[in-house]
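So the sequence shown is numbered by the working numbering: it starts at 94 and just counts up by one. Below is one structure, written out as structure tokens; comments come after it.
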Amino acid sequence: MALWSFWLVGCASDDATTGPDPSVDPDEKVAIHVSAGFVTTRAADDHWDTLDSIGISMFQPGNREVIDGSFNREYITPGGNGTFTPANSATTIYFPQDGSQVAFKAYYPYWPALSADNMDYPVSVTNQSNLPRIDLMTSEHVSGTSRSTPNVVLRFHHRLSKLVFNIKFEEEYFTLEGGSLMIKGMKTQGSYKLYEDVLTVDQSSTADISVPLTVASDSLTGRAIVLPREAADGIDFVITTSTGEVFTARMDDDLDLESGYRYIFTIYLRKTGVSTIRTTIEDWIEGRTSDLEAS
């Protein structure tokens with residue numbers, strides 16, 4: 094996957110009724126139908142990639158009782174076009190044949206070792222080399238659908254925070270190629286309860302986060318996905334040029350990093366060693382804009 098919200102588009106009826114649909118053969122197994130489109134953007138781009146996969150579970154409405162063993166079934170989009178199908182025939186989810194209503198919960202990216210006992214999903218943002226693989230998203234619970242309404246609607250939300258960096262050099266003294274960016278002071282590990290949508294951060298997991306940078310005309314650009322955090326001091330962005338100059342810019346101490354938001358930091362470097370940061374906050378949702386300086 095090259096992705097704050099997107100939809101698995103369907104048309105589940107709001108007034109679905111319990112009981113078999115007389116138009117459906119009671120002996121016929123009816124599989125769920127899943128397709129996906131985008132409301133805003135994903136971690137890196139606004140499209141699915143070939144073989145992107147999600148995990149889907151089918152529960153009794155209102156509780157965590159798994160129906161027919163349909164837990165953490167892998168669904169993929171073979172052509173990257175947003176149409177999701179079972180990863181193989183064994184992962185197909187079928188509605189109960191008695192017509193009873195069910196509920197669904199889904200998440201991305203798919204993790205085969207998920208346990209039905211607690212549905213705790215391990216979260217780590219230490220390695221930023223493949224953003225989609227750490228861009229945790231979960232869907233809202235969806236209930237009130239049955240074999241007579243096989244198109245399931247699932248709305249997903251990003252559960253972590255996204256940082257975008259634009260590093261600009263205010264003098265020709267600097268060269269763009271070979272620069273590096275390190276985030277210092279952030280927690281990097283945690284656990285996410287998929288059923289309850291609750292993130293628990295490991296408070297002992299503070300570690301440096303290396304952000305991959307690319308050259309874009311007159312600036313260096315980088316993207317990172319990090320754990321949400323309440324405003325506090327101690328977060329530094331350390332930029333090192335290819336010739337060894339080191340610049341430290343401090344993130345504003347009153348800046349919350351909220352789940353599902355994108356924070357755009359434009360950092361200006363000068364030969365004097367003073368850097369200015371302009372921060373824009375957007376929804377990944379609608380947001381606010383703030384300015385700050387660091388040296």
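Note that CB positions come from ideal geometry on N, CA and C, so glycine has one too.
According to the neighbour-count rule (16 or more other Cβ atoms, all chains shown, within 10 Å of its Cβ), is residue i buried or exposed?
{"i": "Gly337", "result": "exposed"}
{"i": "Asn165", "result": "buried"}
{"i": "Ala342", "result": "buried"}
{"i": "Ser182", "result": "exposed"}
{"i": "Ser310", "result": "exposed"}
{"i": "Phe249", "result": "buried"}
{"i": "Arg135", "result": "Reliability fails at Arg135, whose pLDDT of 41 lies under 50, so the model's placement of it is uncertain and the value that follows must be treated cautiously. With 16 or more other Cβ atoms within 10 Å, it is buried."}
{"i": "Lys198", "result": "buried"}
{"i": "Leu124", "result": "The residue asked about is misnamed: residue 124 is Ala in this sequence, not Leu. Flag for Ala124 reads exposed."}
{"i": "Asp228", "result": "buried"}
{"i": "Thr231", "result": "buried"}
{"i": "Val291", "result": "exposed"}
{"i": "Ser222", "result": "exposed"}
{"i": "Gly148", "result": "buried"}
{"i": "Gly192", "result": "buried"}
Is it the case that the Cβ atoms of residue i and residue j are separated by a distance below 9 Å?
{"i": "Ser312", "j": "Glu270", "result": "no"}
{"i": "Lys280", "j": "Asp213", "result": "no"}
{"i": "Ser352", "j": "Ser254", "result": "yes"}
{"i": "Leu350", "j": "Leu256", "result": "yes"}
{"i": "Val235", "j": "Val218", "result": "no"}
{"i": "Ser284", "j": "Pro215", "result": "yes"}
{"i": "Asp376", "j": "Arg355", "result": "yes"}
{"i": "Phe258", "j": "Gly315", "result": "yes"}
{"i": "Ile169", "j": "Ser146", "result": "yes"}
{"i": "Ala180", "j": "Gly155", "result": "no"}
{"i": "Gly272", "j": "Thr333", "result": "yes"}
Mind checking which residues open and close the beta strand (DSSP E) that includes residue i?
{"i": "Val257", "result": "Ser254 to Phe262"}
{"i": "Met230", "result": "Met230 to Ser232"}
{"i": "Val216", "result": "Asp213 to Ser217"}
{"i": "Thr170", "result": "Arg166 to Thr170"}
{"i": "Ala309", "result": "Leu306 to Ala309"}
{"i": "Ala199", "result": "Val195 to Tyr201"}
{"i": "Met151", "result": "Asp145 to Phe152"}
{"i": "Ser273", "result": "Ser273 to Lys277"}
On a CA-only basis, which of the options is nearest residue i? Give me that one, please.
{"i": "Asp142", "options": "Thr299, Asp295, Thr176 and Gly148", "result": "Thr176"}
{"i": "Val339", "options": "Phe262, Asn181 and Arg226", "result": "Phe262"}
{"i": "Leu144", "options": "Asn156, Pro171, Glu158 and Asn259", "result": "Pro171"}
{"i": "Gly278", "options": "Tyr288, Ser303, Met230 and Asn259", "result": "Ser303"}
{"i": "Thr268", "options": "Val308, Leu292 and Met344", "result": "Val308"}
{"i": "Met344", "options": "Ile374, Phe188 and Asn220", "result": "Ile374"}
{"i": "Leu224", "options": "Pro305, Gly162, Thr365 and Lys122", "result": "Pro305"}
{"i": "Val319", "options": "Ile169, Gly155, Asp347 and Ile276", "result": "Ile276"}
{"i": "Ala317", "options": "Leu274, Asp161 and Thr365", "result": "Leu274"}
{"i": "Leu348", "options": "Ile370, Phe152 and Val331", "result": "Ile370"}
{"i": "Phe188", "options": "Phe358, Lys122, Gln282 and Ile357", "result": "Lys122"}
{"i": "Val127", "options": "Gln153, Gly327, Thr178 and Gly162", "result": "Thr178"}
Answer yes or no: the CB of residue i versus the heavy atoms of the ligand GDP, is any distance below 8 Å?
{"i": "Phe152", "result": "The ligand GDP is absent from the structure shown, which contains no ligands of any kind."}
Three or more C-beta pairs below 8 Å linking the segment 318-326 and the segment 231-241:
Output reads no: the segment 231-241 does not touch the segment 318-326.
How do the segment 291-299 and the segment 193-205 stand: do at least 3 beta-carbon pairs fall below 8 Å, yes or no?
With a cut-off of 8 Å, the segment 193-205 and the segment 291-299 do not count as touching, because too few Cβ pairs lie within range.
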